[in-house]
Amino acid sequence: MTVTIFEKSVEGRRAFVAPELDVPRDDDALPERFRRAEAPRLPEISEPEIVRHYTQLSTKNFHVDQGFYPLGSCTMKHNPKLHERVAALPGHARLHPLQAPARAQGALQLMWELQVALAEIAGLPHVSLQPSAGSQGELAGVLLTRAFHEAQGKHRHKVLTPDTAHGTNPATVTMGGYEVVKVGTADDGGVDLEDLRAKVDDDVASLMLTNPNTLGVFDRNIEEIATIMHDVGATLYYDGANLNAVMGRARPGDMGFDIVHYNLHKTFTQPHGGGGPGAGPIAVSDRIEPFLPRPQVVRREDGSYGLDFDRPQSIGRLRGFQGNFGVFVRSYAYILSLGADGLAEASDTAVLNANYLMARLRELCGEHLPVAFDRTCMHEFVLTGGPMKKALGIRTLDLAKRLLDHDFHPPTVYFPLLVDEALLIEPTETETRETLDAFAEGVAEILREAAEDPSIARGAPYDTPVRRLDEAGAAKRPVVRQAL
Amino acid sequence: MSRYTSATDADRKAMLESIGAGSVDDLFADIPEAVRLDRPIDLPPGKPEQEVYAYLRDLAARNVSAEDEICFLGAGMYDHYVPSLVDALLSRSEFLTPYTPYQPEVSQGTLQVMFEYQTAISELTALPVSNATLYEGPSAVASAGWMARLQNRRGRFLVSRALHPHAREALTTTAPPYGTSVEEIPLSGAVTDADALREAIDDDVSAVFLQQPNFLGAVEDLELLAPIARETGALLVVSVDPMTLGVLRPPGDFEVDIAVGEGQSLGNRLDYGGPSFGFFAAREEYMRRMPGRIAGETVDADGKRGFVLTLQTREQHIRREKATHNITTAQTLNALAGVIYLSWLGRRGIVELGELLLHRTAYARRALAGCDGVELLHDQPVVREFAVRLGAPVDRVIERCAEQGVNPGYPLGADYDEFGDGLLVALTEQRSRADIDRLAEVLGAAVAAEREAVTA
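Sequences listed follow chains S and H, in order.
Under our numbering, read the first sequence as residues 35 to 518, first letter to last.
Under our numbering, read the second sequence as residues 18 to 473, first letter to last.
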């Protein structure tokens, strides 16, 4: 039975033992009118019961350490265990963010070295680690673009995003005070150049692009796209969600991008934590550098490290303190472990794995689940479930739910939006050939089963802690907290 | 070297054969020649695990953490004890390594955690709806600003000067681009000037931002300020310190529209500033405008109780440019630490801990005020943090204390010109009476020594 921690509460039970009151009571310390009348109804429960409650809850999750998790665009690669150990060192974990820089030299050096490494990987010289996740990195990028134009006395109003873009891109554009203009996709999956040319003018501030894009293909026209944007004085923004495809092979900076955000929880393997924490550092070209968020981590002439607040053209802070340092420790451990060759090998293997899985699925399931853009893919690829729906009577959602019974996490489904019944599949480099084979065979088996009896997939899953949930009902009459 | 991949040469060969490619290089043929990297990345080669550990351990050892000194730093993040059950449960792969619960059937653990977390935050703040976290405190304040913008499209934010400087800056970074100005309401002594607020408020004010207790540690009179702030229909946003909510009247008592805050104190490490979580709770009417993930209760096909992400039509992956926020990944693991910690403290613990902080803070305040050359910066009620003025250069006093193994607090002059001689001192349950006595001794001596140095 599903019971919340609040429902397990029994008056009088407790886990916490307060330290002794070793100073005199001061009953005048807080006047009565400021005092809370009734204690918040937090659970009353003992330590063993808390541990058991959350341990039991944990067993209801599917996770990367358990099995294959090809969630497209999320880069669900292995999370090395070393990273947790180094992040937990007290010198990192108990370091106060306002410690004087002279007594936080190790942390600042780590951040500075991470900046240098990230700059080299993206081919852009200046890095700010501050943004908390990809979406905050994107917002930083849009605000940097605005600051850049305004410094030249220009007030532009539009930002272009391809129709294949992650939803965060248009949402960010709105928050940055710009109007979103969508650009179409060509038959080969790249940006439709004609449409781009038709929409570009000197009121366009920026183009936000992912390359490889969300269809998993590398846009071959990237140089021309960059020229088109730069000719009208606009910036080119790189959504780094797909950086895992190209490390050591190509760099956004060399492609002409001005601003990049990294998702450290994707490419650089910060554990996803059930939906965070992550970190979304940005890298920029020289012309954008003056506007970077503050403070910046710098190395001074004497070799010491510091925080530079004296940045008059900075867009300012997006958040408190110096960013998600605990994430930086893990991602830097990853970069140190892999090194230049290992990072390149990671991308190479990610692309190899994706193309292999695409080939296996084409071979076993190509009739019902064709590849949406049938060309060499990068680290992920898109299948369309349209023919499956027509021929077998099951939808992509049904296939996804049935995969749960086969102990696979399904791919990203119904994204990108322009592909009918889409499945976006990203295997990552840390999976074996055997796992990829097993997944392809699992999908094939579900299709065979559906050909005989589609109702099985339609009713799936069966072996999970709960079965399909009533999401419509949840949204219609939202219950978002325990009634106490 | 990539020790996290498995492909052998034989695998590679067989896989390339299946693909129909001659080499791995061929798979990258779509990248135009001109933008290919024609050299290796300029980074050192990979290192074995034990060398990486040793290198990072040595860097960590170059920091002076709260493990190494008696630390009275606060100003937004606090050195509370993190109980061991938090570490044990957070290190479980089942919580650590999944992503956002897009497939609820295999994410009931995370989803129920979110639901319990939301319940705990609702209880603490006395507001009916909590989301499942934002990134951290100051950006949660900025997100409240964006929600106010969506709600009323008005043109001005009024911000107490005693709101955390990082939160004020997050607003000035993000609000002017969407057309909302940010104006500061000055202080009267150490609290927000009610008359100045009354004077500034008009029907173009979108939201008013206060902090409780404020950045100087002072308890604001929300009973006085809230009605003024809400007089013309502006949203009242209050940033609260969750550790004080066992003893302080909660935001919900004052018809606050949105309560936000930094969640680090609740079971999360200092981590040099992150990751932690920002909480965001609001009145019922804003449920469909709120930013961030929200978990909701429902039933499955067999009628069994379960949880899902709900009200997703607010979110970027559905609504794109019309979404209520761009946030995707939030801070779920940190929220888990938060709800475990709050369960560990429990209903009585949060009050007991609040009381302990109250009395130790009062004791520390008296002890420091008793030092020559130290006086209180204000005499407003405080809960866990207070400000003093030093009769000697603050930075030099801090240096002297550090040499004695005591970090006396945060120099207010970094953010407030008018308090160039100010020091903000924070307490947690980890600072005992003996620690406080030691602080008074060391700080008193440091101030005396600095004064002597000046007269000499």
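We treat Cβ as the ideally placed atom computed from N, Cα and C, and that holds for glycine.
Take the Cβ of residue i as the centre, count every other Cβ of all protein chains shown within 10 Å, and call the residue buried at 16 or more, exposed below.
i	result
residue 10 of chain S	Look at the range of chain S in this structure, 35 to 518, and you will see that residue 10 of chain S is not part of it.
residue 221 of chain H	exposed
residue 209 of chain S	buried
residue 189 of chain S	exposed
residue 315 of chain S	buried
residue 338 of chain H	buried
residue 35 of chain S	exposed
residue 415 of chain H	buried
residue 58 of chain S	exposed
residue 335 of chain H	exposed
residue 373 of chain H	buried
residue 428 of chain H	buried
residue 69 of chain S	exposed
residue 472 of chain H	exposed
residue 72 of chain S	exposed
What is the rounded straight-line gap between the Cα of residue i and the Cα of residue j?
i	j	result
residue 163 of chain H	residue 253 of chain H	13 angstroms
residue 360 of chain S	residue 149 of chain S	15 angstroms
residue 480 of chain S	residue 397 of chain S	15 angstroms
residue 306 of chain S	residue 461 of chain S	16 angstroms
residue 203 of chain S	residue 509 of chain S	25 angstroms
residue 177 of chain S	residue 506 of chain S	36 angstroms
residue 292 of chain H	residue 81 of chain S	25 angstroms
residue 159 of chain S	residue 339 of chain S	18 angstroms
residue 257 of chain H	residue 434 of chain S	42 angstroms
residue 518 of chain S	residue 90 of chain S	22 angstroms
residue 141 of chain H	residue 445 of chain H	19 angstroms
residue 389 of chain S	residue 344 of chain H	31 angstroms
residue 54 of chain S	residue 20 of chain H	50 angstroms
residue 102 of chain H	residue 227 of chain H	34 angstroms
residue 92 of chain H	residue 134 of chain S	14 angstroms
Starting from residue i, find everything on chain H with Cβ-Cβ shorter than 9 angstroms and list it in chain order.
i	result
residue 430 of chain S	Within chain H, no residue comes near residue 430 of chain S; the closest Cβ sits about 13 angstroms away, beyond 9 angstroms.
residue 306 of chain S	113, 114, 115, 116, 117, 346, 349, 350
residue 460 of chain S	Within 9 angstroms Cβ-Cβ: nothing; residue 460 of chain S doesn't reach chain H, min ~11 angstroms.
residue 504 of chain S	315, 316, 317, 318, 323, 325
Taking Cβ-Cβ distances shorter than 8 angstroms, what residues in chain S pair up with residue i?
i	result
residue 22 of chain H	379, 380, 383, 463, 464
residue 321 of chain H	36, 500, 501
residue 129 of chain H	36, 38, 91, 94
Could you tell me which chain S residues have their CB closer than 9 angstroms to the CB of residue i, listed as they occur along the chain?
i	result
residue 342 of chain H	169, 205, 209
residue 228 of chain H	Within 9 angstroms Cβ-Cβ: nothing; residue 228 of chain H doesn't reach chain S, min ~13 angstroms.
residue 444 of chain H	Chain S residues near residue 444 of chain H: none, gap ~10 angstroms exceeds 9 angstroms.
residue 433 of chain H	Within chain S, no residue comes near residue 433 of chain H; the closest Cβ sits about 14 angstroms away, beyond 9 angstroms.
Which residues in chain S sit within 7 angstroms of residue i, going by Cβ to Cβ distance?
i	result
residue 63 of chain H	371, 372, 373, 375, 376
residue 427 of chain H	132
residue 328 of chain H	509, 512
Residue i touches chain H at which residues, Cβ-Cβ below 8 angstroms?
i	result
residue 294 of chain S	Correct list: empty, because the minimum Cβ distance to chain H is about 14 angstroms.
At a cut-off of 7 angstroms, would you count residue i as near the ligand SAM, judging by its Cβ distance to the nearest heavy atom?
i	result
residue 412 of chain S	As far as ligands go, the structure on display features none, and thus does not contain the ligand SAM.
Looking at the C-beta of residue i, does it have a partner C-beta in chain B at a distance below 8 angstroms?
i	result
residue 136 of chain H	The displayed structure is made up of protein chains S and H, and chain B is not among them.
Check the Cβ of residue i against every Cβ in chain H and list those closer than 7 angstroms, keeping chain order.
i	result
residue 299 of chain S	346
residue 252 of chain S	47, 48
If the cut-off is 9 angstroms on Cβ atoms, which residues from the region 396 to 426 of chain S count as contacting chain H, listed in chain order? 397, 409, 410, 411, 412
Mind pulling the beta strand (DSSP E) runs of 3 or more residues that sit fully within the region 241 to 306 of chain S? 269 to 274, 293 to 296
Taking only beta carbons into account, state which residues of the region 42 to 70 of chain S come closer than 8 angstroms to chain H, listed in chain order. 43, 47, 48, 49, 50, 52, 53, 55, 56, 57, 58, 59, 60, 63, 64, 65, 67, 68, 69, 70
Quick one: which unbroken beta strand (DSSP E) runs of 3-plus residues sit fully inside the region 390 to 473 of chain S? Chain order, please. 415 to 418, 456 to 459
By the 9 angstroms beta-carbon criterion, what residues does the region 69 to 92 of chain H contribute toward chain S? 69, 70, 72, 73, 74, 75, 76, 77, 78, 79, 80, 81, 82, 83, 84, 85, 86, 88, 90, 91, 92
List in chain order: all unbroken beta strand (DSSP E) runs of 3+ residues lying wholly within the region 248 to 311 of chain H. 252 to 257, 275 to 279, 295 to 299
Name the residues in the region 362 to 386 of chain H whose C-beta lies less than 7 angstroms from a C-beta of chain S; which are they? Within the region 362 to 386 of chain H, the residues whose Cβ lies closer than 7 angstroms to any Cβ of chain S are, in chain order, 362, 363, 364, 365, 366, 367, 368, 369, 370, 373, 375, 376, 377, 379, 380.
Runs of beta strand (DSSP E) lying entirely within the region 164 to 230 of chain H, each at least 3 residues, in chain order: 173 to 177, 198 to 202, 222 to 229
So if I threshold CB-CB distances at 8 angstroms, which residues from the region 300 to 316 of chain H count as touching chain S? 304, 310, 311, 312, 313, 314, 315, 316
Curious, which full-length beta strand (DSSP E) runs of at least 3 residues does the region 124 to 148 of chain H contain? Taking only runs of at least 3 residues, no beta strand (DSSP E) segment lies wholly in the region 124 to 148 of chain H.
Just by C-beta distance, which residues in the region 92 to 118 of chain S are closer than 8 angstroms to chain H? 92, 93, 94, 95, 96, 97, 98, 99, 100, 103, 105, 108, 110, 111, 112, 113, 114, 116, 118
Could you list the residues in the region 204 to 225 of chain H with a C-beta less than 7 angstroms from some C-beta on chain S, going in chain order? Result list empty, no residue passes.
Please identify, using Cβ separations under 7 angstroms, the residues of the region 334 to 359 of chain S that lie next to chain H, in order along the chain. 349, 350, 351, 352, 353, 354, 355, 356, 357, 358, 359
Run through the region 331 to 377 of chain S for me and flag every whole beta strand (DSSP E) of 3 or more residues, listed as ranges in chain order. 339 to 342
As an exercise, report each continuous beta strand (DSSP E) stretch of at least 3 residues that is fully enclosed by the region 115 to 171 of chain S, in chain order. DSSP runs (the beta strand (DSSP E)) wholly in the region 115 to 171 of chain S: 160 to 162.
Can you list, in chain order, the residues of the region 132 to 151 of chain S whose Cβ is nearer than 8 angstroms to any Cβ on chain H? 132, 133, 134, 137, 138, 139, 140, 141, 143, 144, 151
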